[in-house]
Amino acid sequence: MQFFAIQRIIGLLLIIFSVTQLPPVIVSLIYDDGVLNSFLITFVVTVATGLVLWIPVSRSRKELRLRDGFIVVVAFWTVLGLFGSLPLILSEYITISITDAIFESISGLTTTGATVITNIDTLPKSILYYRQQLQWLGGMGIVVLAVAIMPMLGIGGMSLYRAETPGPMKDSKLTPRLTETAKALWYIYLTLTILCGLGYWFAGMSAFDAIAHSFATVSIGGFSTHNASMGFFIDKPLIEVTAIIFMFLSGINFALHFTSWRSRSIKAYLMDAEFQTYVSILLFAIIISTGYLFFKGQFATADQTILYSIFHVVSIGTTTGFTTQQYHLWPGFLPVMLLFLSFIGGCAGSTGGGMKVIRFLLLFKQGKREIMRVIHPNAVLSIKVGGKPLQPRVIESVWGFFSVYVATFSVMLLLLMFLGLDQVTAFSAVAACMNNLGPGLNEVGLNYASLDDGVKWILCFAMLLGRLEIFTLLVLLTPAFWRQ
Amino acid sequence: MKIIILGAGQVGSSLAENLVSEDNDITIVDTNTSQLRALQDRLDLRTVAGQASHPDILQNAGAQDADMIIAVTDSDETNLVACQIAYTLFHTPTKIARIRSMAYLSERDKLFTQDAFPIDVSISPEQIITDNIFRLIEHPGSLQVLDFADGQVQMVGVKAFYGGPLVGSELKAIREHIPNVETRVAAIYRRGHAIIPEGHTVIEADDEVFFIAATKDIRAVMSELRRIDTPYKRIMVVGGGNIGKRVAKSLEYNYNVKLIDHNLERSEEIANELDKTLVIHGDAADQELLQEEGIDKIDVFCALTNDDEANILSSMLAKRMGARKVMTLINRAAYVDLIQSGDIDIAISPQQATIGSLLTHIRRGDVVKVHSLRRGAAEAIEAIAHGEPSSSKVVGKSIEDIKLPPGTTIGAIVRGKDVIIVHHDTIIQSEDHVIMFLVDKKFIPVVERLFQVGITFI
């Protein structure tokens, strides 16, 4: 373990993070909302902590080892999650406990979008902006870390792509040099954000709302600057259409965006098995939910039924968590079906959460293979993605992931019920946090304010677990990892 | 003609056997001396022992004045190099190489040119056999399907059965039965003997009838000779070798294909490579396994391993257990006569399939396609007529005026895109593709001479 090297990286990370306190300062100056000081204090505290960590070891020339990568990845979300809560704690305009502030901050950075704040509309503009910015930073962290760095550690959904090059990507690294890859992904992320912001603006949002919501859309976060979430703009359907488009795009593997952008053709998308599955799942869910809403006569007009149905399927399916309706009050099985969609989540290498489409696809194929085995005991069956056979190792790892996912899910569900939550609330809260979705059902349908502190800490852990695709975090909790 | 054959394997030796009987000077090269000795004892040819691609060996074999070199060793690379050397050092005019690997074949347009590998013709036996089986499965009930003129015309061999509307009537009745379809019966084999069909010939049950027709009309004609078989759906392939795998691959999107192989590693390899085929690891002669995989519902059972005995036994077992049609790959010519007409519906001989495509290049005159039939005794030929009425023995003449050797029939002419089923008064024009059936191969030189252009043509 290269502690000095890790310390240096975390120090650097904090110094860079402190810079992100400056845009809210500018927002605060523009709107003169009086929160200026809390951001400045946070800036000073963060930069000071960073320097304290960094200066003593800045001359250390020790290189990071592969194993240290786990710590760096986990630190990105935990350390920044803690420091990110400072402005919320310091600001006198919102009375918020430390637990709540940290919950909000981690929910932002992990792009979950679960909130404990009930009076969002009355918050100072700079705080509102800051929450959105946290999600955007978190999304950027995912794109760069999950696509460029985590596959090197052999963790995360993208590492599945490394084993046997299914799909268009010949290597998990898109360009020969890591920094180039990160830069390319960052450009794509930025481009999507700008396009999304412009889209919202043209569709009728104010400039502030357009920027704020574009941050939360492209990062698949789901924070809004209004209590009613996207429902605030219910009279402007074009905004919902824009949101649908960009949530859908952000749920796609960013490596695919990169490949198709470089080859200037959409062939890369169409050829990709994960993308095909992603689209089919969404379409399938849209058809079912639209049909059922029609059948139940939930909305007055057909346009509304179709728009709301598509919006919520895409929003929940990609784990964004924007809502325009109180979907948790929809009739019958629909809320639960949508919640289950979030387990599948976005594609590997996207900003979406959940178990990732590629894993679902492999689990499905594996299940199908077992059925075929029963019918033809002597058959030799191989699992293929995009026409290429997969190594048994990859399929094992998916099963491993799935079992640990279910196990940790069950433990947290039981803990929450032990702490007094009813079953639906507990189940949906763990699902919504672990899949980085945001809104759940029942008590947590709108916000998480009513929960106990203990519950919130467990859910913070759930959000981190989900974001770090479980193994990254769990591996740090094993003694074997720390043994020299 | 002076021909050097490199490689005395199955294809090489049966090719030698065919060519020797046609009055050619054959030299055959191989590293296996006992194989060479066996050949020399049996056939009138010269043998050279050694590595086929070495210049000194080629020189020994007489490459400097050879007309043609045919490289059919096991190794694609040896074949390629031998042709390259023959071209560079000895300027051999015609070079034919057997190329198995798809990796080379898929780039054949760029690779096999005068500046790269100077190969005039590359043949791939596996592909030829695969195409053969594919056509047989496409036309249920046929014993043999031969393509001519890029598939515009086909010659099909079928067995006539009781219940076919035409069985028991004279050939000329065919026009009344199917007035819109043009066809011509090229030959009839009755109890192993050829009959030259005339208008008043009566088709009997169990006759093997070879007829020629445009590809789209094949089905209509077949339905006159037997109750038409319903199209095949379920295919079972035994053996995951090169042929088995290719057959499965070419069929898997249109048919329900199962492939059985006894080698687990090979099965896994194939399962990875094929998309829809169900690959089963096991022994094709295992009754339980066949039962489990629903052998009684299988339409075509193809035994395509490289082991003749295993192929024959598993095919017989499959037939006994209810497979509708069985096709068997048989290398040894002696077995072919032994089993056909028994339980096995169609015996496929790899040599015969391959030799046809080699013979195409050995025939004189502008011959574009040769199919060797009935163990090489008969041949179906597609030749192009050239020249002027004054210089050619066929151009400008009607069919009845052409002096064809006995046992030879002209079945069809392809003129550009048109398929013309010939009548006695059809006149052949220059550049026509003429499709003929020769019951007896000994008259081939006569036919060759017919299609060679006279001296006066410049």
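Chains A and B, in that order, give the protein sequences.
Quick note: to get the numbering used here, add 120 to the position in the first sequence (first position is 1).
Quick note: to get the numbering used here, add 14 to the position in the second sequence (first position is 1).
Where a beta carbon is used, it is the ideal one built from N, C-alpha and C, also for glycine.
Next on the checklist: Tell me which residues of the region 489 to 508 of chain A have at least one Cβ-Cβ distance to chain B shorter than 9 Å, keeping chain order.
Outcome noted: Met492, His496, Pro497, Asn498, Ala499, Val500, Leu501, Ser502, Lys504, Gly507 and Lys508
Item to check | Buried or exposed by the 16-neighbour rule on C-beta atoms within 10 Å, applied to Phe225/B | outcome: buried
Checklist entry - Is the CB of Asn286/B under 8 Å away from at least one CB in chain A? => result yes
Item to check | N-terminal and C-terminal residue of the beta strand (DSSP E) that His447/B is part of | outcome: His447 to Leu452
Checklist entry - Between Ala100/B and chain A, is there a C-beta pair that is closer than 8 Å? => result no
Next on the checklist: Just to make sure I have the definition right: I need the residues of chain A whose C-beta is within less than 8 Å of the C-beta of Ile294/B. Which are they?
Outcome noted: His496, Asn498, Ala499 and Val500
Item to check | Own chain residues within Cβ distance below 7 Å of Ala426/B, not counting five before or after | outcome: Val167, Arg198, Ile226, Val433, Ile434, Ile435, Val436 and Ile449
Checklist entry - Taking only runs of the beta strand (DSSP E) that begin and end inside the region 52 to 88 of chain B, which ones reach a length of at least 3 residues, in chain order? => result 60 to 63 and 82 to 85
Checklist entry - Going by the beta-carbon positions, is the gap between Val34/B and Leu59/B smaller than 8 Å? => result yes
Item to check | Other residues of its chain near Met492/A: CB distance less than 7 Å, five sequence neighbours each side excluded | outcome: Ala499 and Leu501
Checklist entry - What residues in the region 28 to 49 of chain B have a beta carbon less than 7 Å from any beta carbon of chain A? => result none
Checklist entry - What does Ser281/B reach in chain A if we use C-beta pairs closer than 7 Å? => result Val500
Item to check | Beta-carbon separation (whole angstroms), Thr235/A vs Phe328/A, contact threshold 8 Å | outcome: Actually they are not in contact, since the Cβ atoms of Thr235/A and Phe328/A sit about 18 Å apart, beyond 8 Å.
Checklist entry - Is it the case that the Cβ atoms of Ile137/B and Phe126/B are separated by a distance below 8 Å? => result no
Item to check | Backbone CA spacing between Ser329/B and Arg248/B [nearest angstrom] | outcome: 16 Å
Next on the checklist: Against chain B, with Cβ distances strictly below 8 Å, would Phe460/A count as a contact?
Outcome noted: no
Next on the checklist: For a contact defined as C-beta to C-beta under 9 Å, what are the partners of Asp310/B on chain A?
Outcome noted: Simply none; closest approach about 16 Å.
Checklist entry - What is the residue span of the alpha helix (DSSP H) that Tyr412/A lies within? => result Ala393 to Lys416
Checklist entry - Does Glu307/B come within less than 8 Å of chain A when only Cβ atoms are used? => result yes
Checklist entry - Do the region 405 to 414 of chain B and the region 377 to 395 of chain B make contact, defined as three or more Cβ pairs closer than 8 Å? => result no
Checklist entry - Is Trp450/A buried or exposed, if buried means 16 or more other CB atoms sit within 10 Å of its CB? => result buried
Next on the checklist: Quick check: the region 518 to 533 of chain A against the region 194 to 201 of chain A, are at least 3 beta-carbon pairs closer than 8 Å?
Outcome noted: no
Next on the checklist: Does Gly171/B come out as helix, strand or coil in the three-state DSSP assignment?
Outcome noted: strand
Item to check | Backbone CA spacing between Asp220/A and Phe190/A [nearest angstrom] | outcome: 27 Å
Next on the checklist: Excluding the 5 residues flanking His346/A on each side, which residues of the same chain have their C-beta closer than 7 Å to its C-beta?
Outcome noted: Ile240, Asp241 and Phe352
Checklist entry - Going by Cα to Cα distance, which pick from Tyr389/A, Trp174/A, Gly233/A and Trp381/A is closest to Gly473/A? => result Gly233/A
Next on the checklist: I'd like to know whether the C-beta of Ala393/A is nearer than 8 Å to at least one C-beta of chain B.
Outcome noted: no
Checklist entry - Three or more C-beta pairs closer than 8 Å, one from the region 166 to 185 of chain B and one from the region 297 to 304 of chain B: is that the case here? => result no
Checklist entry - Can you round the beta-carbon distance between Glu394/A and Leu481/A to whole angstroms, since I take them to be within the 8 Å contact cut? => result 6 Å
Checklist entry - Considering only C-alpha positions, which residue in the set Arg241/B, Glu36/B, Glu31/B and Leu288/B is nearest to Val460/B? => result Glu36/B
Checklist entry - Can a CB atom of chain A be found closer than 8 Å to the CB of Asp474/B? => result Residue coverage of chain B in this structure runs from 15 to 472, which leaves residue 474/B outside it and unanswerable.
Checklist entry - To which residues of the same chain is Val467/B closer than 8 Å at the C-beta, ignoring the five residues directly before and after it? => result His400, Gly401, Ser405 and Ser406
Checklist entry - What residue does the alpha helix (DSSP H) around Arg189/B start on, and which one ends it? => result Ile188 to His191
Next on the checklist: So, at 7 Å on beta carbons, what are the nonlocal neighbours of Asp291/A in its own chain, with the 5 sequence-adjacent residues on each side left out?
Outcome noted: Reliability fails at Asp291/A, whose pLDDT of 43 lies under 50, so the model's placement of it is uncertain and the value that follows must be treated cautiously. Counting only Cβ-Cβ distances below 7 Å, and skipping sequence neighbours, we find nothing.
Checklist entry - Which residues of chain A have a Cβ atom closer than 9 Å to the Cβ of Leu331/B, listed in chain order? => result Result: empty, since nearest Cβ-Cβ is about 16 Å, beyond 9 Å.
Checklist entry - Applying a beta-carbon distance threshold of less than 7 Å, which residues of chain A neighbour Leu303/B? => result Asn498
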